[in-house]
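Asks: Counting the sequence shown from 1 gives a position; the numbering used here is that position plus 6.
Even glycine gets a Cβ: it sits at the ideal position worked out from N, Cα and C.
The structure presented is a predicted model; accordingly, all values stated were derived computationally and were not measured.
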Amino acid sequence: APANDASPRTSSPEDDSGIAALVRRIEAFNKARSPGGAAVARESVPQLPLDREPRDGSRRRSERFAFATDVDGKIEWADPPIAPMVVGTDLVRGQERSALGPQGAFANAFFNRQPLREGPVELAGAERIAGSWLVDATPRFTRADGRFTGYVGRFRRPADTSAQDRAESEADRIRQLLHELRTPVNAIQGFAEVIQQQLFGATPHEYRALAAAIAGDSARMLAGFDELDRLVRLEGGVLDLEPGSSDFAAILRKQIEQLQTVLSSRVARLECDWSLSSAPIALEKQDAEMLAWRLLATIAATTGAGERIVLELGQDDGQLSLRCALPATLAAATDIFATQNRPSGGALSPGIFGAGFSLRLARAEARATGGELARDGEALVLTLPLLTGAAVPPSRVDAPDRATG
7 APANDASPRT SSPEDDSGIA ALVRRIEAFN KARSPGGAAV ARESVPQLPL DREPRDGSRR
67 RSERFAFATD VDGKIEWADP PIAPMVVGTD LVRGQERSAL GPQGAFANAF FNRQPLREGP
127 VELAGAERIA GSWLVDATPR FTRADGRFTG YVGRFRRPAD TSAQDRAESE ADRIRQLLHE
187 LRTPVNAIQG FAEVIQQQLF GATPHEYRAL AAAIAGDSAR MLAGFDELDR LVRLEGGVLD
247 LEPGSSDFAA ILRKQIEQLQ TVLSSRVARL ECDWSLSSAP IALEKQDAEM LAWRLLATIA
307 ATTGAGERIV LELGQDDGQL SLRCALPATL AAATDIFATQ NRPSGGALSP GIFGAGFSLR
367 LARAEARATG GELARDGEAL VLTLPLLTGA AVPPSRVDAP DRATG
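1. Examine the Cβ distances between the region 116-126 and the region 136-152 and report whether three or more of them are shorter than 8 Å.
2. Between which residues of its own chain and D96 is the CB-CB distance below 7 Å, once the five residues before and five after are set aside?
3. State yes or no: is the C-beta of W299 nearer than 6 Å to some heavy atom of the ligand ATP?
4. Does D11 pass the burial test, meaning 16 or more other C-beta atoms within 10 Å, or should it be called exposed?
5. Within this structure, are the beta carbons of E199 and A221 separated by less than 7 Å?
6. Could you check which residue in G377, E384, G383 and R381 has the C-alpha nearest to that of L392?
7. Note the first and the last residue of the continuous alpha helix (DSSP H) segment covering G159.
8. Among residues of its own chain, excluding the 5 on either side of F231, which ones have a beta-carbon nearer than 7 Å to its beta-carbon?
9. Can you say whether P86 is buried or exposed, counting buried as having 16 or more other CB atoms within 10 angstroms of its CB?
10. Apart from the five residues just before and just after A368, which ones in its own chain have a Cβ nearer than 8 Å to its Cβ?
11. Are the Cβ atoms of A370 and L237 separated by less than 7 Å?
12. From which residue to which residue does the alpha helix (DSSP H) around F73 run?
13. For Y157, count neighbouring C-beta atoms within 10 Å of its own C-beta (all shown protein chains included) and say buried if the count is 16 or more, exposed if not.
14. For I201, decide whether its Cβ has a neighbour in chain B, counting only Cβ atoms nearer than 7 Å.
15. Let me confirm a value: N192 is counted as buried when at least 16 other C-beta atoms fall within 10 Å, else exposed. Which label applies?
16. Relative to the alpha-carbon of A307, which residue among R329, P333 and Q321 has its alpha-carbon at the smallest distance?
17. Using 7 Å as the threshold, is the C-beta distance between S252 and A294 below it?
18. Can you list the beta strand (DSSP E) stretches of 3 or more residues lying completely in the region 300-340, in chain order?
19. Could you work out which residue in T148, L282 and L365 is closest to D341 when comparing CA atoms only?
20. Can you tell me whether DSSP reads I201 as helix, strand or coil?
21. Look up P249 in the DSSP assignment and say whether it is helix, strand or coil.
22. What would DSSP say about P475, mapped onto helix, strand or coil?
23. Excluding sequence positions up to five away, which residues of its chain have a Cβ less than 8 Å from the Cβ of D246?
24. Tell me the rounded alpha-carbon separation between F254 and V268.
25. Are A2 and R239 touching if we call contact CB-CB under 7 Å?
26. In this structure, how does DSSP classify F117 when only helix, strand and coil are distinguished?
27. May I have the straight-line CA-CA distance separating T209 from D223, to the nearest angstrom?
28. So what does DSSP say about D232, is it helix, strand or coil?
29. Grouping DSSP H, G and I as helix and E and B as strand, with all else coil, what is P286?
30. Quick check on the DSSP output: the alpha helix (DSSP H) that includes G362 runs from which residue to which?
31. Please name the residue in R30, N118, E133 and A89 whose C-alpha comes closest to that of R66.
32. Within 10 angstroms of its Cβ, does R275 collect 16 or more other Cβ (buried), or is it exposed?
33. Rounded to whole angstroms, what's the CA-CA distance from E59 to A72? Just pull it up for me.
34. Is the separation between the beta-carbon of F343 and that of G362 shorter than 7 Å?
35. Could you check the C-alpha separation between F116 and R179 for me, to the nearest Å?
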């Protein structure tokens, strides 16, 4: 066959991945750029790598990078992927030594040669590095003569805490309101105690009795303010309960025994039905006692004469479950966490804001520990995570432990 035979030669896979393939891509690229090639569909034309959209990672916003500055506050080194975009950036930008405000935090630290923690800095430039940053940095000095050589540290993006900030702002407003309410109540309580204790002279018994009642009412109001503040912070995620270890079963037994002495006058009883010798939970003892008392005292305070309230304690899949039968007054409520039920009198009270508020606060405390408090038909169920690794015996109903007082 002649050497100049124009019959097409079937390309091999090696040609497609070698120089021939690159030549064909270049030719197609040139055709696409020519006026006559504009009508060619782009999807039918092989594209050069430089003509393709950059990978997602190349435009992804940087979240952190290390850096170092020179003695003038200009970035002289940074992590290699970021260096071309930030090297040469002046972090002080001619600010005066007396520069104040958050945006002058780095300049203030720089001029005073002090370490910097979470200093806000705004960077302009490429999409990857533009925007708000927090800077943690420390000054560098030579070992020989202590000469200042610049700063070394890291840039990091501020955390997205908008929801948390709103919760904290709401909690701050409530705390400010409670502070304004506490001030006059504290003053009234103080004056009442002065009269009741006759600190400034003899006082008729009638006035002392009135002063004692006022002091008691003031103390209950202050306790209510504390509970309201606690609820706001728990539901806003601002307050975390102290971690620790406590035996919830032992706490329940002790408190039920105390409550039973009060309920006996109504011919009512709290009857516990469980055989758990212990129920360790990851909660500090004082917080565990407050949670248990808030729940049990509310149940007991709303228990009517002759009622029998059964409490069942068990465990399932690493969760402790306390099931309390609802007293008739609570069972009749559509939403037990919003009911305003308040007993008319007696030694037990669900709190100044009523049973619904106390149960809502108990629910917030349970959720803060990873548990839950919810209504299940005619019962109220409290679930709490058991302490990891604790050996808890299985629940049995054939050997009940009954605390009847």
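Replies: Looking at the coordinates:
1. yes
2. Counted from its first residue, the sequence shown places residue 96 at position 90. Within the same chain, D96 has close Cβ partners G79 and K80.
3. This structure lacks the ligand ATP, and indeed carries no ligand of any kind.
4. Position 5 of the sequence shown, counting from 1, holds the residue named residue 11. Caution applies to D11, whose pLDDT of 47 falls short of 50 and renders its modelled position unreliable; the model cannot decide the point.
5. Walking along the sequence shown from the start, residue 199 turns up at place 193. Walking along the sequence shown from the start, residue 221 turns up at place 215. It is a contact, given that the beta carbons lie within the stated cut-off.
6. Here residue 392 corresponds to residue number 386 of the sequence shown, with the count starting at 1. Per the Cα distances, G377.
7. Here residue 159 is taken as the residue at index 153 of the sequence shown, counted from 1. Segment F154 to R162 is the beta strand (DSSP E) holding G159; no alpha helix (DSSP H) there.
8. Taking the sequence shown and counting its residues from 1, one reaches residue 231 at position 225. Answer for F231: L184, L187 and R188, listed in chain order.
9. As a first step, residue 86 is located in the sequence shown; it is residue number 80 there, counting from the start. Result: exposed.
10. On the sequence shown, position 362 is the one that residue 368 refers to. Contacts found: L297, R300, L301, T304, L379 and L388.
11. What you label residue 370 is simply residue 364 of the sequence shown in a count that begins at 1. What you label residue 237 is simply residue 231 of the sequence shown in a count that begins at 1. Yes, the pair counts as a contact, with Cβ atoms nearer than the cut-off.
12. Here residue 73 refers to the residue found at position 67 of the sequence shown. From DSSP, F73 is part of no alpha helix (DSSP H) but of the beta strand (DSSP E) over R70 to T75.
13. Walking along the sequence shown from the start, residue 157 turns up at place 151. It counts as buried.
14. In the structure shown, chain B cannot be found, because there is only a single protein chain.
15. As a working note, residue 192 is residue 186 in the sequence shown. Counting of Cβ neighbours within 10 angstroms places N192 among the exposed residues, the total staying below 16.
16. Counting from 1 along the sequence shown, the entry for residue 307 is found at position 301. If we check each option's Cα against that of A307, P333 comes out closest.
17. Here residue 252 refers to the residue found at position 246 of the sequence shown. Here residue 294 refers to the residue found at position 288 of the sequence shown. For S252 and A294, yes; Cβs fall inside 7 Å.
18. 314-322 and 325-331
19. Taking the sequence shown and counting its residues from 1, the one referred to as residue 341 is at position 335. Comparing alpha-carbon positions, the option among T148, L282 and L365 lying closest to D341 turns out to be L365.
20. Sequence index remark: in the sequence shown, residue 201 carries index 195 (1-based). Reduced to three states, the DSSP call for I201 is helix.
21. Residue mapping note: residue 249 aligns to position 243 of the sequence shown, counting from 1. Here P249 sits in coil by DSSP.
22. Past the edges of the chain, shown from 7 to 411, lies residue 475, and the structure says nothing about it.
23. Taking the first residue of the sequence shown as position 1, residue 246 is located at position 240. A374.
24. Here residue 254 refers to the residue found at position 248 when the sequence shown is read from its first residue. Here residue 268 refers to the residue found at position 262 when the sequence shown is read from its first residue. Approximately 22 Å, taken between the alpha carbons.
25. The question about residue 2 has no answer, for the chain in this structure spans 7 to 411.
26. Taking the first residue of the sequence shown as position 1, residue 117 is located at position 111. In the structure shown, F117 sits in a helix (DSSP, three-state: H, G or I).
27. The residue given as residue 209 occupies position 203 in the sequence shown. The residue given as residue 223 occupies position 217 in the sequence shown. C-alpha separation (whole angstroms): 20 Å.
28. By one-based count along the sequence shown, residue 232 stands at place 226. Of the three classes helix, strand and coil, the one that applies to D232 here is helix, per DSSP.
29. The residue given as residue 286 occupies position 280 in the sequence shown. In this structure, P286 counts as strand in the three-state DSSP scheme.
30. On the sequence shown, position 356 is the one that residue 362 refers to. Counting along the chain, the alpha helix (DSSP H) containing G362 begins and ends at A361 to A374.
31. Reading the sequence shown from its first residue, position 60 is the one you call residue 66. Checking every option, the nearest Cα to that of R66 belongs to E133.
32. Sequence index remark: in the sequence shown, residue 275 carries index 269 (1-based). Burial call: buried.
33. The residue labelled residue 59 in the question sits at position 53 within the sequence shown. The residue labelled residue 72 in the question sits at position 66 within the sequence shown. Because E59 sits at a pLDDT of 45, beneath the cut-off of 50, its placement in the model cannot be relied upon, and the point is left open.
34. The residue labelled residue 343 in the question sits at position 337 within the sequence shown. The residue labelled residue 362 in the question sits at position 356 within the sequence shown. Their beta carbons are under 7 Å apart, which means F343 touches G362 by this criterion.
35. Taking the first residue of the sequence shown as 1, we reach residue 116 at position 110. Taking the first residue of the sequence shown as 1, we reach residue 179 at position 173. Using only the alpha carbons, I get a separation of about 36 Å.
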